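Data first, discussion second: the structure below is written as C-alpha cells.
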Amino acid sequence: MHQNITRYGFLASYIYPALALFLIPVVSLALFSLIESQRHASVSASFYAPAIRGGIYTSWFCILGGIGAFLFAGISVLGSLWSQRAQYYSLLLGWYGLRMFCTLEVIAQALLLFGVACMLPIVLPSGFAIKILVFVGVVCAGAAVAVVASVFQKMEHKFEINGIVLSRKRAPALWEDLEQLSAKLNTAPPDQVVAGIDDNFFVTQMPVIVRDGKNKPKMHTGRTLFVSLALLKKLRGREADAVLLHELAHFSGNDTLFSQKIAPLLARYDRYLEALHDGFVSRPIFYFAILFRALFEVSLGRQSREREFRADRLAAEQTSSQDMAHALLRVTAYSKYRHELEKEFFTAEEAHEQVNLSERIEEGFRAYASAFIDSGDVGQLITSHPFDSHPPLVSRLRALRYNARKSVVRAVLCDDSNGTWYPKIIDAAKLEQEQWSAYEEGFREFHQRELAYRYLPSTAKEQELVEKFFPACKLMLVDGKRIQLDFEKMMCDDWGRPLYFREVTEISLTESSILVKFERNGRKREEHLLFSKLEQEKQVLIASIEAFYVRATAAIAYQQSHAQQNT
Numbered sequence: 001m002h003q004n005i006t007r008y009g010f011l012a013s014y015i016y017p018a019l020a021l022f023l024i025p026v027v028s029l030a031l032f033s034l035i036e037s038q039r040h041a042s043v044s045a046s047f048y049a050p051a052i053r054g055g056i057y058t059s060w061f062c063i064l065g066g067i068g069a070f071l072f073a074g075i076s077v078l079g080s081l082w083s084q085r086a087q088y089y090s091l092l093l094g095w096y097g098l099r100m101f102c103t104l105e106v107i108a109q110a111l112l113l114f115g116v117a118c119m120l121p122i123v124l125p126s127g128f129a130i131k132i133l134v135f136v137g138v139v140c141a142g143a144a145v146a147v148v149a150s151v152f153q154k155m156e157h158k159f160e161i162n163g164i165v166l167s168r169k170r171a172p173a174l175w176e177d178l179e180q181l182s183a184k185l186n187t188a189p190p191d192q193v194v195a196g197i198d199d200n201f202f203v204t205q206m207p208v209i210v211r212d213g214k215n216k217p218k219m220h221t222g223r224t225l226f227v228s229l230a231l232l233k234k235l236r237g238r239e240a241d242a243v244l245l246h247e248l249a250h251f252s253g254n255d256t257l258f259s260q261k262i263a264p265l266l267a268r269y270d271r272y273l274e275a276l277h278d279g280f281v282s283r284p285i286f287y288f289a290i291l292f293r294a295l296f297e298v299s300l301g302r303q304s305r306e307r308e309f310r311a312d313r314l315a316a317e318q319t320s321s322q323d324m325a326h327a328l329l330r331v332t333a334y335s336k337y338r339h340e341l342e343k344e345f346f347t348a349e350e351a352h353e354q355v356n357l358s359e360r361i362e363e364g365f366r367a368y369a370s371a372f373i374d375s376g377d378v379g380q381l382i383t384s385h386p387f388d389s390h391p392p393l394v395s396r397l398r399a400l401r402y403n404a405r406k407s408v409v410r411a412v413l414c415d416d417s418n419g420t421w422y423p424k425i426i427d428a429a430k431l432e433q434e435q436w437s438a439y440e441e442g443f444r445e446f447h448q449r450e451l452a453y454r455y456l457p458s459t460a461k462e463q464e465l466v467e468k469f470f471p472a473c474k475l476m477l478v479d480g481k482r483i484q485l486d487f488e489k490m491m492c493d494d495w496g497r498p499l500y501f502r503e504v505t506e507i508s509l510t511e512s513s514i515l516v517k518f519e520r521n522g523r524k525r526e527e528h529l530l531f532s533k534l535e536q537e538k539q540v541l542i543a544s545i546e547a548f549y550v551r552a553t554a555a556i557a558y559q560q561s562h563a564q565q566n567t
C-alpha cells in the first residue's frame, strides 16, 4: 500500500467506506422501529411481533458491536507501534478478534436483511414478496457460508528462489568470514547461504524452496541468507562487508523471526478480506476490515523502516558510514540499471536472437553509474527487497551522516574492480554464468510468448512466432464433426467460410455447446459449436477456443493502443 498517502486520501479511501459497516443495521433499526411504532394490524400477529423485536435487538447489537470493533482496531494498531513483539501480538489478537466480530456481523446483517424481507408481505403482494424473500435468503446464506468457510481454509506459504545453496565445501572462505561477521553482531550465522543473480541481498527465516535449474527443488528451513553473485562482484573493499553485516543485523534483531510469524497472519487476513469482498451482504464489513489492514500496513512500514535504519547503523559501526553508504549507492544504481535494461529488452517489438543482459550490464554499468549520480531522483530510490519496505535512499544516507561530493561518489561507483568476496566462492564465475544463461533464455522465451499476444502477423516471421505458441489444430465436435483453429480464425466442416476472431463479439458456454456471437457485414449473428460426447474432447475444445480467442483479442487491443500512442 502506498506509504505517502494524504490525510484526505486516507479518509476517502478507508475511513468513509468503513462507516458502511453501520448502513444495514441503521436502516434496519429505522424500518423495524417504524413498523413497530405504527402498530400495523399485521404487527400484532404472533410471527411478526417477535421478528420485529428480534430485528431491533440485532440492529443494536450490530451498531454497538461496530463501535466496539472500531475502538478495538484502533487500540490494536496503536499497540503495534510499540515494538516488533507488540506488533506481532497486536496483529494476532486483531486477527482473531476482528475475524470473530466480522463473521458474526456478516451473519447478523444477513439475518437483518432476511428479517426486512420477511416484512414485505405487509406492503407488497404475497407472491412478489415471497420471490424477493427467497432471493434475499439465498444471497444472505451464500455470503455467510463463504465467509465462515474462509475462516477454516488452509493457506500454503511458499517462497521460491532461484539460486544454488553454497555448502561449506564449495565456499569455505565465505563461510569462515560470515561466521566472523556474525560473531561481531552476537548472532548465529545463517543455516544456509543461497547464491543467485537477483539484484539484492536478503535474509529470511521463512521456509524457502530453492531451484537451481538442475536438481529437484528442495525446501530449506531455518535462517537463510541470499547473496547476489552479480553484486558481490561489484561491491569493492568493505562494501560487501557492510551489506552482509546489514543482513546479519536482521537476524540479531529478531527481524526475520517476527517477519516469519507475521507473514502467515497477513496471508490469512488477506484471504479473509477476499471472502468479505466477494459477498454482496458482506461488502460493508469488508470496508471496515480493510481499514484495519491499511492501518496495520502503516505500522508495518514504520517498523520496517526502523529495522533498516538499525541494520544500517550496526553495519556502519563495524565498517564505516562511507562503506555502508557506498554499498547502498552501488546496489541501488545496479538495480536501477538492470531494471532499465530489462524493460528495454521486454518492450522490444521484435524477438531477440539472444538476451545478453549480463554482458550489457558489465559493459555499460560504469558509464551508467556516472550518469546515475547526476539524476535528480536518486535520493528517492528504494532498494528492492522481497519482504520489507525500505526507506528512500536519501533518508538512509542522511541517517548515516553521509554527504560526500558528487565527484567522490562518481569515482567510487566508477571503480569497476572485482569485489573481495566474489573469489571466496569456488567457481563463482561459472556458477554466475550458468544462472545468467538460464535466466536470459527464460527471459527470451517469455518475451517471445508476450509477442505472440501482441502480433497481428503481417510478415512470415511474425506468423511463425505466433504459430510457435498457437499452432493450428483440429478439434472434435458432436457426431464426428471437426473445427479447425489457427491464430486468426476458426473453420467448421459445414461452414461456407471461416469465422475470424476479429468478427467475434462474445463467446459463452451453454449446457451443450459453445455459443459464438459475431458481427459480419453490419449484421449480428451466432454459431453453436456442439460438444462431443467425450468429456476429454469437450474440455480440450473449450480450453483451445478460449486460448486462441484471448490471444486474438489481446493482440487486437494492443495494436489499437499502440497505434493511438504513435499518432
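One point on numbering: in the UniProt record's numbering, the residue at position 454 of the sequence shown is 454, and numbering is uninterrupted.
All residues carry an ideal CB built from backbone N, CA and C; glycine is no exception.
Keep in mind it's a predicted model, so treat the numbers as computed, not measured.
Residues near residue i in its chain [Cβ-Cβ closer than 6 Å; skip 5 each side]
i: Y287; result: P17, A18, A20
i: A242; result: A315, T319, D323, M324, A327
i: K261; result: Y88
i: A73; result: F292
i: Y14; result: L291, A294
i: G279; result: A143, A146
i: D258; result: At residue 258 the sequence reads Phe, which differs from the Asp that was named. Only Q84, Y88 meet the Cβ criterion.
i: residue 578; result: In this structure the chain extends from 1 to 567, so residue 578 is not present and cannot be described.
i: D177; result: none
i: G213; result: A438
Test item: CB-CB of residue i and residue j under 7 Å
i: L245; j: L300; result: no
i: C414; j: A371; result: no
i: Y422; j: L225; result: no
i: T332; j: L393; result: yes
i: I373; j: V409; result: yes
i: A110; j: C62; result: no
i: V194; j: V147; result: no
i: M206; j: F152; result: no
i: A267; j: M100; result: no
i: F311; j: H390; result: The sequence shown places Ala at residue 311, rather than the Phe named in the question. In this structure, H390 does not lie closer than 7 Å to A311 by Cβ.
i: Y549; j: I507; result: yes
i: V478; j: L530; result: yes
i: K481; j: D493; result: yes
i: G65; j: L235; result: no
i: Q463; j: P471; result: no
i: E526; j: T505; result: no
i: A12; j: C118; result: no
Cutoff 7 Å; reference residue i; Cβ partners in own chain excluding five residues on either side
i: S228; result: G196, I197, D198, D199, N200, F201
i: V116; result: S28, L31
i: E247; result: F201, F202, V203, L225
i: S80; result: A86, Q87, S90, L91, F296, S299
i: T103; result: V147, V148, V151
i: G9; result: none
i: W175; result: R168
i: R360; result: L341
i: S321; result: L400, R401, Y402
CB-CB length for residue i against residue j, believed under 8 Å
i: H157; j: P264; result: 6 Å
i: I164; j: L431; result: 6 Å
i: F443; j: L357; result: 7 Å
i: V355; j: L113; result: With 8 Å as the limit, V355 and L113 do not qualify as a contact, their Cβ atoms being about 56 Å apart.
i: E535; j: M476; result: Contact flag wrong, Cβ pair sits at about 12 Å.
i: S150; j: R271; result: 6 Å
i: S252; j: L185; result: 5 Å
i: P190; j: R223; result: 4 Å
i: Y269; j: W95; result: 6 Å
i: A555; j: R454; result: 6 Å
i: I425; j: R238; result: Their Cβ separation, rounded to whole angstroms, is 18 Å, which puts I425 and R238 out of contact at 8 Å.
i: A557; j: E488; result: So it is not a contact: roughly 15 Å between Cβ atoms.
i: H447; j: F365; result: The pair is not a contact, with the Cβ atoms about 22 Å apart (cut-off 8 Å).
i: A289; j: L98; result: 6 Å
From the options, residue whose alpha carbon lies closest to that of residue i
i: L541; options: V504, R525, Y558, M490; result: M490
i: A438; options: R211, R482, E464; result: R211
i: D486; options: E506, V478, G496, A452; result: A452
i: I56; options: Q303, A69, I67, I24; result: I24
i: G522; options: E503, Q539, L530, S417; result: E503
i: V139; options: I75, R283, G68, V412; result: R283
i: A188; options: E239, H220, N254; result: N254
i: Q539; options: E445, E511, A552, E363; result: E511
i: R53; options: E36, L465, A69, H220; result: E36
i: K533; options: K524, S513, S544; result: S513
Quiz item: Whole alpha helix (DSSP H) runs in the segment 41-85 with 4 or more residues, listed along the chain?
Solution: 48-80
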